[in-house]
Amino acid sequence: MIKLPVPHIKESFKPSHLLKTFLNNELGMLCQATLDGGLGYMLPVPEKTYRRLLMLQNVLVNHIAHTAGLNPKSFR
Numbered sequence: 001m002i003k004l005p006v007p008h009i010k011e012s013f014k015p016s017h018l019l020k021t022f023l024n025n026e027l028g029m030l031c032q033a034t035l036d037g038g039l040g041y042m043l044p045v046p047e048k049t050y051r052r053l054l055m056l057q058n059v060l061v062n063h064i065a066h067t068a069g070l071n072p073k074s075f076r
């Protein structure tokens, strides 16, 4: 069995660190559970992070073939 190296993740991007940061600042948080047993949460992100993710989404929309010919901006 081959053991793959664990990718290095900056401490500030680890989910546990993000959760502690937002709980300490008393910002809003939404927890969710799915029917298949998954758990998730949504947290507010800084404006700079939002802009960067929006740029990434636009690049992916323009460069990846759309499933069944549907435009992802029209069918959100």
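According to UniProt numbering, the sequence shown holds residues 1 to 76 in order. Note that CB positions come from ideal geometry on N, CA and C, so glycine has one too.
Following the continuous beta strand (DSSP E) through residue 35, name the residue where it begins and the one where it ends. Premise fails: residue 35 is in no beta strand (DSSP E) and is neither H nor E.
Could you name the residues that DSSP lists as bridge partners for residue 69? In DSSP, residue 69 forms no bridge with anything.
Neighbourhood of residue 73 by C-beta distance below 8 Å, restricted to the same chain and skipping five residues each side: So the list reads 61, once near-sequence residues are dropped.
8 Å CB neighbourhood of residue 53 in its chain, flanking five on each side removed: Scanning its chain for C-beta atoms nearer than 8 Å, with the 5 sequence neighbours on each side dropped, one finds around residue 53 the residues 45, in chain order.
Do you know offhand how far residue 69's Cα is from residue 55's? When the Cα atoms are used, residue 69 and residue 55 turn out to be separated by approximately 22 Å.
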